[in-house]
Every structure is written in C-alpha cells, then in structure tokens.
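Below is one structure, written out as structure tokens; the observations come after it.
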C-alpha cells in the first residue's frame, strides 16, 4: 500500500513537472499570435453619410407668385425657397405634379444644390394639396457640402394661399468625413 501511495505521489510530481515544462514550451514554439485586424479607416476619397431630417415652412409671394421663401429646421436648418418651374401637370389617377427648383442656404452660410424636384400631390381644394411623394436629390454645395450628395424625401402640404409645410428626411453623403 505504501508503495502505491509513493508511486501515486511520484506520478503526480512527474505530471506537474511535465505540465510546467510543456505549456510554456508550446507557447514559445507556436509562433506569434496573429495580429487582430485593424478597423477600417476613412480616407479622403471615401464617402461619409449622415441621416438628416427636419421641417421646411415657406410662404408663396415672398419673392414672386411662383416662389416660396421660408425656414428649414433640423440638420439642414437655414433659409429655403422653391420656385415652380411651370404650371402643375396632371399625373396618374387624381394627382397633380409640381416641378420645383430649390434654393437652400444653411444657418452657417453654406449653399446646397439640388436637382429640380417633382412633387406628386392630391388636390384637396382649389389651393390645398396633400404631398404624396417629393424626392429631393442633393448634388453638392459649398463649404462642407462641396462634393456632397444625398437623397431626401418630403411629406406635407402645399397651400397656394397660406404657404407650405414639409417634413424632410434622408441622408447626406460627404466626400470626406464630416462632423454633424
């Protein structure tokens, strides 16, 4: 019995010594751990997109009977106007389509450039229209908006007598990383 206890103790010591030598040796000879991959970084040539949203409220007649002028709130806050590019045209179903050129200057003085936009509306009266679709495409601007692009959509109403109210949302993509 004593020989079994001695043998058991000797085996335990041999196993501990083997572990003490073997584990560090495997770490030493297994080579370096692969380095973790670095997170992607933005470069000046990459686009950095930010969500935008806010409201626009304008009045007709501020400049002439075909041009609105008013304010924008939210991420693109500043002054905004829209000029009707001709008479509204009948659209599919009971819709009426307005073609509009926007003029937008942010609170910090940067100008935003937009393609002409098409607002598809449903007439509610002779002067009041509910806006069904109103996509806007940003094509650039000045300051931090130089080289920017973006797509927004607006919902709201057009009242040819009392003015317009819209909710805009979408995203703006900057040519280089920009801070909001």
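Residue numbers (my numbering): 2 to 181. Virtual Cβ for every residue (Gly too), placed ideally from N, Cα, C. All of these numbers come straight from a predicted model, not from anything done at the bench.
Subject >> Which of helix, strand or coil DSSP assigns to residue 161 >> reply: Residue state, collapsed to three classes: coil.
Original post:
What is the DSSP secondary structure of residue 76, reduced to helix, strand or coil?
Top reply: In the structure shown, residue 76 sits in a helix (DSSP, three-state: H, G or I).
**OP:** Answer with buried or exposed for residue 109, where buried requires no fewer than 16 other C-beta atoms within 10 angstroms of its C-beta.
**Re:** exposed
**OP:** Reducing DSSP to helix, strand and coil, say where residue 118 ends up.
**Re:** Residue 118 falls in the strand class under three-state DSSP.
Original post:
Using a Cβ-Cβ cut-off of 6 Å (strictly less than) and excluding sequence neighbours within five positions of residue 136, which residues of its own chain qualify?
Top reply: 154
**OP:** Could you spell out where the beta strand (DSSP E) holding residue 133 opens and where it closes?
**Re:** 129-134
Original post:
Leaving out the 5 sequence neighbours to the left and right, which residues in its chain are closer than 8 Å to residue 152 when beta-carbon positions are compared?
Top reply: 136, 137, 138, 139, 171, 172
Subject >> Cβ-based neighbour list, residue 144, same chain, cut-off 6 Å, excluding 5 preceding and 5 following >> reply: Sequence-distant partners of residue 144 (beyond 5 residues in either direction) whose C-beta falls short of 6 Å from its own C-beta, in its chain, are 111.
Original post:
Exposed or buried, residue 120, counting other C-beta atoms within 10 Å across all chains shown (16 or more means buried)?
Top reply: It counts as buried.
Original post:
In angstroms, rounded to a whole number, what distance separates the CA positions of residue 101 and residue 68?
Top reply: Here the alpha carbons of residue 68 and residue 101 stand approximately 9 Å from one another.
Subject >> Exposure label - residue 142; buried when at least 16 CB within 10 Å >> reply: buried
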